[in-house]
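A.B. asks: Numbered according to our numbering, the sequence shown spans residues 17 to 405. Where a beta carbon is used, it is the ideal one built from N, C-alpha and C, also for glycine. If you're wondering where the values come from, they're calculated on a predicted model, not measured in any experiment.
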Amino acid sequence: MTDLPQMNWNYPTAIRFGAGRIKELATLARDAGMTRPLLVTDPGLAKLPIVAQAMAILQEGGLSGAAVFSDIKPNPIDANIDAGLKVYRAGGHDGVIAMGGGSALDAGKVIAFMAGQTRPMWDFEDIGDWWTRADPAGIAPVVAVPTTAGTGSEVGRAGVVTNSESHTKKVIFHPKMMPVYVICDPELTVGMPRFITVGTGIDALSHCLEAYCSPFYHPLGEGIAVEGIRLVFENLPKVVADPGDLLARGHMMSAAAMGATAFQKGLGAMHALSHPVGALYDTHHGMTNAVFMPYVLAFNRKAIEAKIDRLAAWCGIAGGFDGFLQAVLDLRESLGVPHTLEGLKVDGARFEEMSAMAIVDPTAGGNPVELTLDAARDLYARALEGRVQ
Ligand SMILES: NC(=O)c1ccc[n+]([C@@H]2O[C@H](COP(=O)([O-])OP(=O)(O)OC[C@H]3O[C@@H](n4cnc5c(N)ncnc54)[C@H](O)[C@@H]3O)[C@@H](O)[C@H]2O)c1
Ligand SMILES: [Fe+2]
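#1: Please find out if some non-hydrogen atom of ligand 1 comes closer than 7 Å to the beta-carbon of N24.
#2: So what's I93 in DSSP terms, helix, strand or just coil?
#3: Pick helix, strand or coil for A83, following the three-state DSSP scheme.
#4: Skipping 5 residues on each side, what residues in its chain have a beta carbon closer than 6 Å to that of E203?
#5: Just to confirm, is the Cβ distance from I127 to Y104 under 8 Å?
#6: Helix, strand or coil for L283? Go by DSSP, reduced to three states.
#7: Measuring straight from C-alpha to C-alpha, what distance separates N26 and F33?
#8: Could you tell me if the beta carbon of G215 falls within a distance shorter than 7 Å of some heavy atom in ligand 1?
#9: Decide if T57 is buried, meaning its Cβ has at least 16 other Cβ atoms within 10 Å, or exposed.
#10: Please report how far the alpha carbon of N96 lies from the alpha carbon of G336, in whole angstroms.
#11: Please give the ranges of any alpha helix (DSSP H) in the stretch 161–245, keeping only runs that are unbroken, at least 4 residues long and fully inside the region.
#12: Between the C-alpha atoms of R393 and E369, what's the straight-line distance to the nearest angstrom?
#13: Taking the alpha-carbon positions, what's the R173 to G118 distance?
#14: With 16 other CB atoms within 10 Å as the buried threshold, where does P195 fall?
#15: Measure the Cβ-Cβ separation of V206 and P259 and say whether it is below 8 Å.
#16: Can you find the residues in the same chain that come closer than 6 Å, C-beta to C-beta, to K254, ignoring five residues on each side of it along the sequence?
#17: Just verifying my parser: in three-state terms, what is the DSSP assignment at V112?
#18: Measure the Cβ-Cβ separation of F140 and F189 and say whether it is below 8 Å.
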């Protein structure tokens, strides 16, 4: 493929894919039933032309009651959701345009979900069937507009919010949290700082890779994951070398959406070890996963060796499992990902607490080898000392 096509995709939700598709924002917001959307984004993006452009498109499309809410932190916290809900209700809004990276997308989705609920947000944590406590009629529609290519939150049915009392990341889940429409416009990702391009790109890789390695039976997810991994290996180096490469940016947006589609199959220890680090040290989610990736692959080897041999062949990587592990190490190094936790300014001071958090993280259960307390301690120590094998 030499040119990036314009496509309309209908699973996992309705996706408008292609350069320049942001111009359809007002039409899609209307089609989703909105007359006064609240555009939820983060403070950094709120100052950038891409948000001003989105607001102009809404105004020109006749949605003059549209407003911006941007008071959210990277790794959004409960207070950010409360503040957004106040603005949403006071402004008489009737839907959310969630625009940004995972932080803004998650915050926007959770605000829309909470818009008409009477119970507190933590009652809807992703535990058992807690989602059935929600009133589906109280969930406002969402149009999602990703500006990073990584989390895939735009096609996810959950939002990650940090509980500011317990300093833990919690997942708020409901099947109806899936955005009604998604605009995957790679032009919006061109201005990402290099660090965010790399961190989010490796987050997409970690979603695909952990979903692929998870032992649960979900062949649909497994198939999607495999091609997502190939796309990241091929295109992440290209977007880092040439940020304006729209074809490669488009493929990275696809890989991000594929990762989140695939990880209904499960995630694993990369995410389980990364979440406590993000919650305690406020590090970037994807960059933190990137640090753990080779250590977790080596730890899981006995359960995934044959699968990774097949995967390596699909990706055009010689040498089976060892070749694949080396390709991950080479990719990280070429992109400037730190090899150890030191690069994230994390030392061993809180390893005991972090290990206890990691083994109860909801993603730990998807790891192909059981993540015991001893294993978590060992993996943190290895990631600090740089001992992969
Ligand atoms: N819902 C899910 O399924 C899911 C999956 C993985 C991660 N997450 C969550 O997503 C969050 C991380 O999201 P993220 O990695 O996309 O980062 P982010 O949303 O925190 O954004 C990082 C930074 O990049 C900036 N930025 C974003 N797009 C830009 C652009 N186009 N140009 C310039 N600057 C831009 C933002 O302003 C911000 O400062 C975490 O809270 C994580 O827990 C959610
Ligand atoms: Fe992730």
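C.D. replies: Concretely, from the data shown:
#1: For the purposes of this step, residue 24 is identified with residue 8 of the sequence shown, where counting begins at 1. No, ligand 1 has no heavy atom inside 7 Å of this Cβ.
#2: Residue 93 sits at position 77 when you count from the first residue of the sequence shown. Three-state DSSP puts I93 in a strand.
#3: Taking the sequence shown and counting its residues from 1, the one referred to as residue 83 is at position 67. Here A83 sits in strand by DSSP.
#4: Numbered from its first residue, the sequence shown carries residue 203 at position 187. For E203, same chain residues with a beta-carbon under 6 Å away, outside a window of 5 residues either side, are A35 in chain order.
#5: Position 111 of the sequence shown, counted from the start, is the residue given in the question as residue 127. Position 88 of the sequence shown, counted from the start, is the residue given in the question as residue 104. In contact: I127 and Y104 (Cβ atoms closer than 8 Å).
#6: The sequence position of residue 283 within the sequence shown is 267, counting from 1. Three-state result, L283: coil.
#7: As a working note, residue 26 is residue 10 in the sequence shown. As a working note, residue 33 is residue 17 in the sequence shown. Rounded to the nearest whole angstrom, the CA to CA distance from N26 to F33 is 11 Å.
#8: Taking the first residue of the sequence shown as position 1, residue 215 is located at position 199. Taking 7 Å as the cut-off, the C-beta of G215 counts as close to a heavy atom of ligand 1.
#9: Numbered from its first residue, the sequence shown carries residue 57 at position 41. Buried is the call here.
#10: Counted from its first residue, the sequence shown places residue 96 at position 80. Counted from its first residue, the sequence shown places residue 336 at position 320. About 45 Å.
#11: Counting only runs of 4 or more, we get 210–229.
#12: Numbered from its first residue, the sequence shown carries residue 393 at position 377. Numbered from its first residue, the sequence shown carries residue 369 at position 353. Rounded to the nearest angstrom, the two C-alpha atoms are 10 Å apart.
#13: Taking the sequence shown and counting its residues from 1, the one referred to as residue 173 is at position 157. Taking the sequence shown and counting its residues from 1, the one referred to as residue 118 is at position 102. So the two alpha carbons sit approximately 13 Å from each other.
#14: In the sequence shown, counting from the first residue as 1, residue 195 sits at position 179. Result: buried.
#15: Translated into the one-based positions of the sequence shown, residue 206 becomes position 190. Translated into the one-based positions of the sequence shown, residue 259 becomes position 243. The criterion of a C-beta distance shorter than 8 Å is satisfied by V206 and P259.
#16: Along the sequence shown, one-based indexing puts residue 254 at 238. In the same chain as K254, and ignoring 5 residues on each side of it, the C-beta atoms closer than 6 Å to its own belong to D261, A264, in chain order.
#17: By 1-based counting over the sequence shown, the position of residue 112 is 96. DSSP, read as helix, strand or coil, puts V112 in strand.
#18: Locating residue 140 in the sequence shown gives position 124, counting from the first residue. Locating residue 189 in the sequence shown gives position 173, counting from the first residue. Less than 8 Å divides the Cβ of F140 from the Cβ of F189.
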